[in-house]
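Under UniProt numbering, read the sequence shown as residues 336 to 565, first letter to last.
Reviewing the structure listed below.
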Amino acid sequence: ELGAGALPVEFDHVTFAYPGGGNVLSDVSFLLPPGRQLGVVGRTGCGKSTLIRLLFRFHDPDKGAVRLAGHDTRTLRLTSLRGRVALVTQEVHILSGTLRDNLTLFDPSVDDRRVLRALDEVGLTPWYETLPEGLDTPLGGAGTGLSAGQAQLVALVRAWVRDPGLVLLDEFSSRLDPHSEQLLHSALRRFLSGRTAVIVAHRLQTLREVDQVLVLGESGPLEYGPREDL
Ligand code: ATP
Ligand code: MG
């Protein structure tokens, strides 16, 4: 099972196709040391989100292996994997429950101080202070009371309180205005420090901080290397 701390990630000759389709990923390999950040770029439809989904084990490779800390992901319990890996995407599902439930995902072992600290990190404290019931404020089924940008920040808080060893970000900051995006980027820098991350972004600004870049092509890979070489 996966221990604490940043997780090394390995794609070892990974090939993947959706049922009935051609290969989306063809022989993709990279090794991401613990605590390093990989940016994934490439045209629409080239398989960036698919690569992220393999890491969260929504799919398994047809050939090759995905490894976390040396373990083939197929050998890990899903709860163990998802307890150490945080997936943050544009689609944020606000659950019906309190703000606390939404931030802790109903995990009672997460204490309020940790939640409040994470809210502060992403700049949500001023909003939080307007809530009459604080963390007990009910959030409605359809995400009542949260703007799209705030919902994205909530998603980041959710990831933060779980202290993940691998963070997966897929087109994350796209719904924020420039000021909020600036705040988010400084929060992200603090959040990602000391964690392994795989980051998909259209905007280069999001990739300012990454160590490595993987360029996916339409018919397979790719370029892979340190950011400054590409
Ligand atoms: P974008 O930049 O638009 O987000 P992407 O690089 O993330 O694109 P993917 O979402 O990984 O691309 O999709 C890669 C290919 O796989 C596309 O051709 C897409 O149509 C196809 N695809 C994605 N999801 C599925 C699915 N659930 N079933 C079948 N095909 C899919
Ligand atoms: Mg995508």
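Positions of the beta carbon are idealized from the N, C-alpha and C atoms, including for glycine.
Taking the CA atoms as reference points, GLY500 sits about 28 Å from HIS514. Short note on THR414: C-beta not closer than 7 Å to any heavy atom of ligand 1. DSSP, read as helix, strand or coil, puts PHE507 in helix. Not one heavy atom of ligand 1 lies closer than 7 Å to the C-beta of VAL548.
About 10 Å separates the CB atoms of GLY484 and LEU518; that is not less than 8 Å, and the two are not in contact.
Look at GLY552: its beta carbon is at least 7 Å from all of the heavy atoms in ligand 1. Per the coordinates, the alpha-carbon of ALA453 lies some 17 Å from the alpha-carbon of VAL427. Between THR531 and GLY370, the C-beta gap is smaller than 8 Å, which places the two residues in contact. For SER528, no beta strand (DSSP E) encloses it, and the DSSP letter there is neither H nor E. Beta-bridge annotation (DSSP): VAL489 is not paired with any residue.
In this structure VAL545 touches GLY374 by the C-beta definition: roughly 4 Å separates them, less than 8 Å. The residue from VAL344, PRO343, LEU367 and GLY382 with its alpha-carbon nearest to that of THR350 is GLY382.
Contact annotation, VAL401 with LEU389: C-beta distance approximately 5 Å; criterion of less than 8 Å satisfied. The shortest CA-to-CA distance from LEU403 to any of ARG435, LEU411 and PHE526 is the one to LEU411. Each of LEU413, LEU337, ARG378 and GLY405 was checked against the Cα of HIS394, and the nearest Cα belongs to LEU413.
SER415: member of the alpha helix (DSSP H) spanning 413-419, first to last residue. As DSSP reads the structure, GLU345 sits in a beta bridge with LEU366 and ARG402. Annotated three-state conformation of LEU454 is helix, per DSSP.
Where LEU440 is concerned, there is no enclosing beta strand (DSSP E), because DSSP gives it neither an H nor an E. Per DSSP, reduced to three states, the secondary structure at TYR463 is helical. With respect to the 8 Å criterion, LEU367 and PRO343 are classified as neighbours on the basis of their beta carbons.
Taking C-beta separations shorter than 8 Å and ignoring five residues to either side along the sequence, the partners of VAL457 in its chain run LEU488, LEU491, VAL492, TRP495, LEU518, LEU519 and ALA522, following chain order. When secondary structure is reduced to three states using DSSP, PRO561 falls in the strand class.
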